[in-house]
Ligand SMILES: [Ca+2]
């Protein structure tokens, strides 16, 4: 007689059920439950987030930076702790210049609370902001945690200088040199040489132009820095007829000529 595979499986299941019914199953006593060890790093506060805020600022301006300590950790006693004190460091060398003082701590703050502090830099340069967290400001410094640092570029206000006043003669190229200070490099230079208010006549620090009629002209330079700050500077260009020099005019008037006298001379 041929036994079908379904019948074989059924016989095996029935045998197993009968074996379990006649067997006494015992479980091992787990004993008292041991609480998990607190990892050593959790005996200290969590590190604050990297401070957030503007990274291109001017000297003398007040700016706000903020951080938070997310989640909670556990005190050395094993007790849950969610109030934290924070200190900001406004360093110039990657926060290694932190001077340890108990007085600068602010708080207490709750976890995940936005912690804001404002600051004014008086000197330009690359600055580094760190935030430190600690449970008790009277604790020793070894119990603090620090955030990654935020690099901030502090500059003075952007100032453009078109140079001049310039002088030259008709039909010859007059060369101009622009410069600037402060702001955030790199810079772009745009010139308005026809005084129509549009800085569309030349790009770059060095420019030149030719006038065909004597007179007094106004030219302007506009400087744009890396973060889009704009500064402008205006200067004068005195164009004389060929053969006429300011020295000759000086001799005529026996003093440096005024703008009105120059116009009279040209007319
Ligand atoms: Ca123009």
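Residue numbers (the working numbering): 4 to 270.
We put the CB at the ideal spot given by N, CA and C, even for glycine.
Since the model is a prediction, treat every value here as computed from it, not as a measurement.
For ligand 1, a non-hydrogen atom lies closer than 8 Å to the CB of residue 196. Remark: the C-beta of residue 181 is outside contact range of ligand 1, defined as less than 8 Å to any heavy atom. In the DSSP assignment, residue 213 falls within the beta strand (DSSP E) that extends over 209-213.
At a cut-off of 8 Å, the beta-carbon of residue 165 does not count as near ligand 1: no heavy atom of the ligand is closer than that. Judged by beta-carbon spacing, residue 135 lies beyond the 9 Å limit of residue 153, meaning their Cβ atoms are not closer than that value. As a beta-bridge residue in DSSP terms, residue 195 pairs with 223. The bridge partners DSSP lists for residue 155 are 130. For residue 139, there is no enclosing beta strand (DSSP E), as DSSP marks it with neither H nor E. At a threshold of 8 Å, residue 202 counts as near ligand 1, since its beta carbon sits closer than that to one of the ligand's heavy atoms. Exclusion of the five residues before and after residue 181 leaves 165, 192, 208 and 224 as the residues of its chain whose Cβ lies within less than 6 Å of its Cβ. Counting of Cβ neighbours within 10 angstroms places residue 12 among the exposed residues, the total staying below 16. Closer than 8 Å to some heavy atom of ligand 1: that describes the Cβ of residue 199. Ranked by how close their Cα comes to the Cα of residue 231, the residues 189, 133, 202 and 114 have 189 in first place.
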